[in-house]
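S.K.:
There are 2 protein chains.
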Amino acid sequence: MVSFDEKLRRQLQKVFVCCGDVRRFRTDPLPPDIMERLIKTACLSPSVGLSQPWRFVVVEDKERRRAVTEDFAACNTNALLSDFGERAARYAALKLSGLEDAPGHLALFADKACETGHGLGRVTMPEASEYSVVAAICSMWLAARAENIGLGWVSILNPTRIREILDVPESWRLISYLCVGTPRQSPMSRGSKGLSGNIAEDGEFTSRR
Amino acid sequence: MVSFDEKLRRQLQKVFVCCGDVRRFRTDPLPPDIMERLIKTACLSPSVGLSQPWRFVVVEDKERRRAVTEDFAACNTNALLSDFGERAARYAALKLSGLEDAPGHLALFADKACETGHGLGRVTMPEASEYSVVAAICSMWLAARAENIGLGWVSILNPTRIREILDVPESWRLISYLCVGTPRQSPMSRGSKGLSGNIAEDGEFTSRR
């Protein structure tokens, strides 16, 4: 059996610790072929019933990028006005996406009409398709960081509007819109404090003995 | 900035290629503390609005394990009878879970009532909580493989029934029930053929130029 040693485990841990979400990107162009390489790695992920429901859209068109950035701004303003009340001022000061600076934009969808795998494993938990696409994103996330590239996950978007902007089939459900580029600083995990002490408070586990 | 080299990238790629879903486990006990270590790594994952909505339940009680295994059997039989028609015979021959052999059982939930992060990033896409838990599972998946342990994701379950069996709050939504143990053989990625040639057929990407 293929096995791994302590050195690999230490390095992998370092990747996890340096794999935070990125919102501040340098505007330098991406290394050539990086999107293809990352997508190739994403496709190695396990998926429910081997259905591989992931669909990737590399967004290069300036008008479409602008429309996505505007949708983010509109959703962000709405949240600010209606959902965050007294926290609105602090919320407004946060930088919540790198859409304007990031050289790469990549949208990921789950194809809910995907017939590969004949629905195996998706009868009682149909959301397993969406989760398979998240798994693909996570592989890509680590592979990108190992290439010294960072990703930023934007979820402050109207999924229907994004589907329209990108002109994709109705059966494709938006899972994530990713900013891709060189981070301005090392994206450290926000949970990494837990490493030096006990398991992070929110990561405490319950046991059923 | 923390940066990574070609050697790390090659090793990481090897982990991805050897990270398939596991259904055949050896019954040897797990290395001590492995669950705690894996959960600690999972907690390093990025999460929407830093909400860390992941909740872990290590299932050790024999009666509860038996009840989960029975729920799997019932859901599997139902799928066989009602959803797979002429493919039922082939479906029946597949080994779809390692629940009976795996020394470790771990249930993962997203706490939909989680207030950490004040809902940031979850207004237009509330499902980002569930996706954050999947991200934690993926970190754990790779970290486990680097420890020469394999995971098997069981989705052929009734989520409400699992919540009852494990006696967890109603706001906890089942994301995954994982089998944890030493695989009987190297769990190769089923998509790994794509590595030697072009991007896997289902991984083709669309470009919006």
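Sequence lines, in order, name chains A and B. First residue of the first sequence? That's 2 in the working numbering, and the numbers climb one at a time after it. First residue of the second sequence? That's 2 in the working numbering, and the numbers climb one at a time after it. Even for Gly, the Cβ is constructed at its ideal location relative to N, Cα and C.
#1: From residue 24(A) to residue 98(A), what does the alpha carbon distance come to, in whole angstroms?
#2: Does the beta-carbon distance from residue 176(B) to residue 135(B) come in below 8 Å?
#3: Interface residues of chain A around residue 26(B) at Cβ under 8 Å?
#4: Between the Cα of residue 191(A) and those of 38(B), 118(B), 17(B) and 30(B), spot the shortest distance and give me the residue it belongs to.
#5: Flag this pair as yes or no: are the beta carbons of residue 46(B) and residue 54(B) separated by less than 8 Å?
#6: Counting contacts by CB-CB distance shorter than 8 Å, is residue 157(B) in contact with chain A?
#7: Given that residue 207(A) touches chain B, what residues does it touch there, using C-beta distances under 8 Å?
#8: Do we get a CB-CB distance below 8 Å when we pair residue 148(B) with the residues of chain A?
#9: Quick check on the DSSP output: the alpha helix (DSSP H) that includes residue 81(A) runs from which residue to which?
#10: Of all Cβ atoms in chain B, is any one closer than 8 Å to the Cβ of residue 70(A)?
#11: Check the Cβ of residue 82(A) against every Cβ in chain B and list those closer than 7 Å, keeping chain order.
#12: Starting from the beta carbon of residue 254(B), find every residue of chain A whose beta carbon is closer than 9 Å, and list them in chain order.
#13: State the DSSP-derived secondary structure class of residue 125(B), mapped to helix, strand or coil.
#14: Provide the residue span of the alpha helix (DSSP H) that contains residue 164(A), from first to last.
#15: Taking the alpha helix (DSSP H) that residue 207(A) belongs to, which residues open and close that run?
#16: Are three or more beta carbon pairs between the stretch 80–93 of chain B and the stretch 131–148 of chain B nearer than 8 Å?
#17: For the alpha helix (DSSP H) containing residue 17(A), name the first residue and the last one.
#18: Check each residue of the stretch 114–126 of chain B: if its Cβ is closer than 9 Å to any Cβ of chain A, include it; give the result in chain order.
#19: Is the beta carbon of residue 166(A) less than 8 Å from the beta carbon of residue 69(A)?
#20: Just the chain A side, please: which residues come within less than 8 Å of residue 2(B) by C-beta, in chain order?
#21: Could you give the residue range of the beta strand (DSSP E) that holds residue 91(B)?
#22: Is residue 39(A) helix, strand or coil by DSSP?
#23: Going by beta carbon distance, what residues of the same chain come within less than 8 Å of residue 60(A), once the five residues before and after it are set aside?
#24: List the residues of chain B whose Cβ lies closer than 9 Å to the Cβ of residue 140(A), in chain order.
#25: CA-CA distance, residue 140(A) and residue 139(B)?
#26: At the level of alpha carbons, what is the spacing between residue 93(A) and residue 81(A)?
#27: Go ahead and pull the three-state DSSP assignment for residue 203(B).
#28: Taking Cβ-Cβ distances shorter than 7 Å, what residues in chain A pair up with residue 62(B)?
#29: Distance check for residue 14(B) and residue 43(A), CA to CA, integer angstroms please.
#30: Quick one: what does DSSP say residue 44(A) is sitting in, helix, strand or coil?
#31: Let's see if you can read the secondary structure: which residues bound the beta strand (DSSP E) around residue 60(A)?
#32: Is the shortest distance between the beta-carbon of residue 222(A) and the beta-carbons of chain B less than 8 Å?
#33: How about residue 100(A) and residue 155(A): do their beta carbons lie closer than 8 Å?
#34: Specify the secondary structure class of residue 120(B) as computed by DSSP and reduced to three states.
#35: For residue 76(A) and chain B, any beta-carbon pair shorter than 8 Å?
M.R.: According to the structure shown:
#1: Residue 24(A) and residue 98(A) have their C-alpha atoms spaced approximately 5 Å apart.
#2: Less than 8 Å separates the beta-carbon of residue 176(B) from that of residue 135(B).
#3: By Cβ distance, chain A contributes nothing, its closest Cβ being about 12 Å from residue 26(B), past 8 Å.
#4: The candidate whose alpha carbon is nearest that of residue 191(A) is 118(B).
#5: Taking the C-beta atoms as reference points, residue 54(B) is found no nearer than 8 Å to residue 46(B).
#6: Yes, residue 157(B) counts as interfacial toward chain A.
#7: Residues of chain B passing the Cβ test: 56, 57, 58, 59 and 169.
#8: Yes, residue 148(B) counts as interfacial toward chain A.
#9: For residue 81(A), the enclosing alpha helix (DSSP H) stretches over residues 63–83.
#10: Taking Cβ atoms only, chain B never reaches closer than 8 Å to residue 70(A), which makes this a no.
#11: Taking the beta carbon of residue 82(A) as reference, no residue of chain B falls within 7 Å; the closest one sits roughly 11 Å away.
#12: Only positions 2 to 210 of chain B appear in this structure, which leaves residue 254(B) out of reach.
#13: Coil.
#14: 160–167 is the span of the alpha helix (DSSP H), which, as asked, contains residue 164(A).
#15: Run containing residue 207(A): none in the alpha helix (DSSP H); it sits in the beta strand (DSSP E), 206–209.
#16: Two segments are said to touch when three or more pairs of C-beta atoms, one from each, lie closer than 8 Å; by this definition the stretch 80–93 of chain B does not touch the stretch 131–148 of chain B.
#17: Where residue 17(A) is concerned, the enclosing alpha helix (DSSP H) stretches over 7–18.
#18: Under the 9 Å Cβ criterion, the stretch 114–126 of chain B contributes 115, 117, 119, 120, 121, 122, 123, 124, 125 and 126.
#19: Their beta carbons are under 8 Å apart, which means residue 166(A) touches residue 69(A) by this criterion.
#20: Neighbourhood of residue 2(B) in chain A, by CB distance below 8 Å: 149, 184, 186 and 187, in chain order.
#21: In this chain, residue 91(B) is not harboured by any beta strand (DSSP E); it is covered by the alpha helix (DSSP H) spanning 89–94.
#22: In the three-state DSSP reduction, residue 39(A) falls in the helix class (H, G or I).
#23: Only 66, 69, 106, 107, 108 and 167 meet the Cβ criterion.
#24: Close partners of residue 140(A) in chain B (Cβ separation under 9 Å): 17, 20, 139 and 143.
#25: Their backbone Cα atoms lie some 8 Å apart in a straight line.
#26: C-alpha separation (whole angstroms): 7 Å.
#27: Residue placement at residue 203(B) cannot be trusted, given a pLDDT of 47 that sits under 50; the coordinates are not used to answer.
#28: Around residue 62(B), the beta-carbon contacts reaching into chain A at under 7 Å are 209 and 210.
#29: In a straight line, the C-alpha of residue 43(A) is about 11 Å away from that of residue 14(B).
#30: Here residue 44(A) sits in coil by DSSP.
#31: Its beta strand (DSSP E) spans residues 55–60.
#32: Nothing about residue 222(A) can be read from this structure; chain A reaches only from 2 to 210.
#33: Contact annotation: residue 100(A) and residue 155(A) have beta-carbon atoms nearer than 8 Å.
#34: Here residue 120(B) sits in coil by DSSP.
#35: Nearest CB-CB separation between residue 76(A) and chain B: below the 8 Å threshold.
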